[in-house]
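Asker:
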Amino acid sequence: MSTALAAIAPELTLAVMALVLLLLAAVRGQAAARPVLRGGAVALALVFAVLGATAGAPAQSVFGDMVVVDVFATALKMALVLALMAALALSAAPMRLDNIARPEYPIVTLLAGVGMMGMVSAQHFLALYVAMEMQALALYILVSSGASSARSAEAGVKYVLLGALASALMLFGMALLYGATGALDYVTIRTVLEGVDAPGLTVGAGLAFLLAGMAFKISATPFHMWTPDVYAGAPTRVTTLLALAPKIAAAGALARLLFGPLEPLAAQWVPILVVLSVASMSWAALAGVVQGDLKRLMAYSTIGNMGYMLLGFIAGGADGLAAALFYLLVYVLSVAGVFAVILAMRRDGRVVTEIVELSGLARSRPLLAAGMAALMLSLAGVPPLAGFFAKFVVFKVLIDQGMWLLAVYGLLTTVVAAYYYIKVVKVLYFDIPAEPLDRAPARARAAVLAVSVLGVVALLLAPGLGLDVARVAVAPLF
Amino acid sequence: MVTQPHFLFLASALFAVGAFGLFWRRHNVIVLLMCLELMLLAANLAFVTFAAYAGDLAGQVFVMFTLTVAAAEAAIALAILLLFFRGRGSIAVESLSSLRG
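Residue numbers (our numbering), protein chains in the order written: chain A, 17 to 494; chain B, 2 to 102.
1) Could you work out which residues of chain B lie near K174 of chain A, taking near to mean beta carbons separated by less than 7 Å?
2) Please go through the same chain and pick out, in chain order, the residues whose beta-carbon is closer than 7 Å to the beta-carbon of G376 of chain A, but skip the five residues on each side of it.
3) For A44 of chain B, I'd like the list of residues in its chain whose CB is within less than 8 Å of its CB, leaving aside the five on either flank, ordered along the chain.
4) Under 8 Å, Cβ to Cβ, is there at least one residue of chain A near V161 of chain B?
5) Residues of chain A with CB under 9 Å from R89 of chain B, in chain order?
6) Can you check which of these residues, A:F342, A:P26, A:G403, is closest to A61 of chain A by C-alpha distance?
7) Looking at the C-beta of L15 of chain B, does it have a partner C-beta in chain A at a distance below 8 Å?
8) Using a Cβ-Cβ distance under 8 Å, would A184 of chain A count as near chain B?
9) Taking 8 Å as the CB-CB limit, is G60 of chain B close to chain A?
10) For N321 of chain A, count neighbouring Cβ atoms within 10 angstroms of its own Cβ and tell me buried if that reaches 16, exposed if not.
11) Less than 8 Å between CB atoms is the rule here; does F239 of chain A satisfy it with respect to chain B?
12) Compute the Euclidean distance between the alpha carbons of Y330 of chain A and R50 of chain A, then round it to the nearest angstrom.
13) From the beta carbon of S317 of chain A, is the nearest beta carbon of chain B less than 8 Å away?
14) Return helix, strand or coil for A138 of chain A, following the three-state DSSP convention.
15) Sort A:M133, A:A105, A:A143, A:G72 by Cα distance to G80 of chain A and report the nearest one.
16) Would you please verify whether the beta carbon of I358 of chain A is less than 8 Å from any beta carbon of chain D?
17) By Cβ distance below 6 Å, which residues in the same chain neighbour L185 of chain A in space, the five residues on each side in sequence not counted?
18) Say whether chain B places a C-beta atom closer than 8 Å to the C-beta of G195 of chain A.
19) Give me the Cα-Cα distance between I371 of chain A and P280 of chain A, rounded to the nearest whole angstrom.
20) Closest Cβ-Cβ distance between R4 of chain B and chain A: below 8 Å?
21) Residues of chain B with a CB under 7 Å from the CB of D114 of chain A: which are they?
22) Please report the residue range of the alpha helix (DSSP H) in which Q76 of chain A lies.
23) Tell me whether D484 of chain A sits in a helix, a strand or coil according to DSSP, three-state version.
24) Can you list the residues of chain B that F546 of chain A reaches, using a CB-CB cut of under 7 Å?
25) Between A:D86, A:Y436, A:R118, which has its C-alpha nearest R44 of chain A's C-alpha?
26) Determine, for L11 of chain B, whether the minimum Cβ-Cβ distance to residues of chain A falls below 8 Å.
27) For A65 of chain A, does the count of other Cβ atoms within 10 angstroms reach 16, so buried, or fall short, so exposed?
28) Determine which residues share a DSSP beta bridge with V84 of chain A and list them.
29) Can you find the residues in the same chain that come closer than 7 Å, C-beta to C-beta, to F342 of chain A, ignoring five residues on each side of it along the sequence?
30) Determine the burial state of G210 of chain A: buried for a count of at least 16 other Cβ atoms within 10 Å of its Cβ, exposed for fewer.
31) Checking contacts by CB at 8 Å: is F93 of chain B closer than that to chain A?
32) Among the residues of its own chain, which have a CB less than 8 Å from the CB of D416 of chain A, if the five just before and after it don't count?
33) Quick one: list the residues of chain B neighbouring G198 of chain A, beta-carbon separation under 7 Å, in chain order.
34) Between which two residues does the alpha helix (DSSP H) harbouring R167 of chain A extend?
35) Starting from the beta carbon of A35 of chain B, find every residue of chain A whose beta carbon is closer than 7 Å, and list them in chain order.
36) Starting from V305 of chain A, trace the alpha helix (DSSP H) both ways and give me its first and last residue.
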């Protein structure tokens, strides 16, 4: 038992810290907002240290093989903790400016983090379901937490409805797979499925329902409908969190499913992923072009980029998954910086999110504009920035597998999508300057933006390093 | 004689009714929540059926967890809906339109 508890020390630390902070908030009330936020940051730093200390430990399955702790889980959890830290750090300034600093916000964020960390470690349908619901329920609350905003509540209603639909689909898929294989744990399911020559209707339907539910979570077309509305309606600090952490958790859970119990069904799921990926890339490229709101644009950017990430899954094998993971992490790194800029967009104390509000930002805030421009060019896939390298790696594994057509199609959609990223750069540098944005001191924002931009640029110096790390991380799955 | 396929047919039918209601008669968000609940319960029925006929307890235990989580989900969904109602004064599906999808 003690080894099991030691194995989940990071989750335990985070959960206990969240509860301690909750107690503090209950005793001190609204006055606890600042200490709780600091405490949340300390908790995440502590978890990161624990993860770092156990990173080299051999893989182990605990709690009756429900939870597995290996390099893949630890690596993704470290990425998750960093994403949560960035989101928390970025949330401090806007909440102070809007006078809505409340202790609940960091606490619910930490609880969502516990769920996300559980997702990447789950090796059993029950563990996956409970972890996924834990993060989803916390995120529903956060999305609707906008101060007295009807838009935020509307985003919350949409998120909760479509999120519950995704859970129902997934649950039905799990039930069918359970019926077909008689097991809930990944290892047994895989063994049973390997013995099946031609999967029957139950297995096929189960797979389809399960994948539909997962597609909701990573917002792949045609299950992306919630993404633009929720991104636009949620308070920007929450959109930041949504764009960073849940995608890492969902991709990790999806990788564990596809390359674990569902590996024997690869012939069935590859075509499904191809459809999801092609639809995401195409729809995001087309619909992104007409968006005027930066948060909405980032929603379509997420949809499209999840499509590119799925290309790595489709290519399959350790190389394909490593490429997908690398792509995801580069994407999350760039998006953190973009949201740092969006959170800086205030004029006369009001939050603005339209792209035109950035007009001529290069004159009044050259550094902010330069950072944003670098990130947009990276997202567009302009060499030699990290975004280019990430796309290159994904297309290369596809071509190595002989999937030329898909790679060429992906390339075409990046060209279309590049239009809207480069349009932002044009607005930043060449449009007639709008009224300057408010200046508010925000060290956290500057730090996140700096890390993001430097990361995206510095990958140029050691392009292979990130990919090597991704290869090591995915090794336990193969 | 009621056999496993009967139960599974019932589960699938309930699931389909829920899904159908979600996309067909969409006038009130509460009705949508009921449809979602129906879909969850259909999945639960499938779990229990498979578990009972395979003589395996795991599926039945799973249902206990799903029920608990579904209760939490319903509580949060209703709280958010209340918040929405306060701002908009309506819970009609058509009022969910200030953000266009």
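Just so you know, even glycine gets a beta-carbon here, dropped at the ideal spot from N, CA and C.
From a predicted model like this one, the values you see are computed outputs, not experimental measurements.
Answerer: Concretely, from the data shown:
1) Near K174 of chain A (Cβ distances below 7 Å), the residues of chain B are L97.
2) D447, I448, P449, A450
3) Counting only Cβ-Cβ distances below 8 Å, and skipping sequence neighbours, we find A12, F16, T67.
4) No answer is possible for residue 161 of chain B: the residues shown for chain B start at 2 and end at 102.
5) R89 of chain B reaches chain A at A166, A169, E170, counting residues in chain order whose Cβ is nearer than 9 Å.
6) A:P26
7) no
8) yes
9) yes
10) N321 of chain A is buried by the Cβ-count criterion.
11) no
12) The sequence as given places Ile at residue 330 of chain A; Tyr does not occur at that position. Roughly 45 Å between the two C-alpha positions.
13) no
14) strand
15) A:A143
16) Chain labels in this structure do not include chain D; the protein chains are A and B.
17) F225, A228, G229
18) yes
19) 46 Å
20) What sits at residue 4 of chain B in the sequence shown is Thr, not Arg. Chain A, which has no Cβ nearer than 8 Å to the Cβ of T4 of chain B, makes this no.
21) Within 7 Å Cβ-Cβ: nothing; D114 of chain A doesn't reach chain B, min ~17 Å.
22) That residue, Q76 of chain A, is in no alpha helix (DSSP H); its beta strand (DSSP E) goes 76-78.
23) helix
24) Here chain A has residues from 17 to 494 only, and residue 546 of chain A is not among them.
25) A:R118
26) No, no contact with chain A.
27) So A65 of chain A counts as exposed.
28) A:S77
29) So the list reads A406, V409, G482, L483, A486, once near-sequence residues are dropped.
30) According to the sequence provided, residue 210 of chain A is Glu. The question's Gly does not apply to it. Exposed, by the Cβ-count rule.
31) Correcting the residue identity first, residue 93 of chain B is Ala in this sequence and not Phe. With 8 Å as the cut-off, A93 of chain B does not count as an interface residue toward chain A.
32) A331, D335
33) A55, D57
34) That run of the alpha helix (DSSP H) goes 166-197.
35) According to the sequence as given, residue 35 of chain B is Met; it is not Ala. In chain order: nothing, as chain A lies at least about 11 Å away.
36) 282-305
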